[in-house]
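Chemist: Everything in the sequence shown is counted per numbering that gives the first Met the number 0, starting at 0 for the first residue and increasing by one.
Ideal Cβ placement from N, Cα and C applies to all residues, glycine included.
Take this structure first; my questions come after.
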Amino acid sequence: MTLDYYFVIGIVCGVTGIGTLVWISLYHARTKPGLAEGMIVFLTSASLVAGIKVCVLTLNPTVLTEVENERIYVFLGGLGVIWVSIDTIWTTLLSVYRKKGDPTGDGG
0 MTLDYYFVIG IVCGVTGIGT LVWISLYHAR TKPGLAEGMI VFLTSASLVA
50 GIKVCVLTLN PTVLTEVENE RIYVFLGGLG VIWVSIDTIW TTLLSVYRKK
100 GDPTGDGG
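Okay, here's the thing in structure tokens:
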């Protein structure tokens, strides 16, 4: 069994994302981070790496040989996963950042 480096990088990115969330929550917003926000950041950070893996795999000519004509669609799907992951991470971290001074704590 070989080690999938994308899996390890995904875990590292997820932990880094949670570290960023905790730092923004504690040192900027002066609130405690929520479990839901932590899960969102962790999973979308790992999804970002998965989208990169899909895009890289479509560039390899020995992969997806049976669906050669649909390779571009798989690549675009990987780009879509990357786009949505970045947008979700940005939105989540920005909402936590904006909680500073908000008495309700809802970020709005």
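Alpha carbon to alpha carbon, how far is V14 from E67?
Modeler: 36 Å
Chemist: Would you kindly report the start and end of the unbroken alpha helix (DSSP H) that includes K52?
Modeler: 34-58
Chemist: How should A35 be labelled, buried or exposed, when 16 other C-beta atoms within 10 angstroms of its C-beta is the threshold for buried?
Modeler: exposed
Chemist: Is the separation between the beta-carbon of C54 and that of L92 shorter than 8 Å?
Modeler: no
Chemist: My understanding is that I88 touches V21, with C-beta atoms under 8 Å, so please give their C-beta distance in whole angstroms.
Modeler: Between V21 and I88 the Cβ distance is about 14 Å, and since that is not below 8 Å, they are no contact.
Chemist: Got a sec, what are the start and stop residues for the alpha helix (DSSP H) Y72 sits in?
Modeler: Unbroken alpha helix (DSSP H) run through Y72: 70-96.
Chemist: Rounded to the nearest angstrom, what separates T61 and T30 at their Cα positions?
Modeler: 50 Å
Chemist: Which of helix, strand or coil does DSSP assign to V62?
Modeler: coil
Chemist: Out of T43, W82, V83, which has the shortest C-alpha to C-alpha gap to I132?
Modeler: Residue 132 is absent from the structure shown; the chain starts at 0 and stops at 107.
Chemist: The alpha helix (DSSP H) spanning Y5 covers which residue range?
Modeler: For Y5, the enclosing alpha helix (DSSP H) covers residues 4-22.
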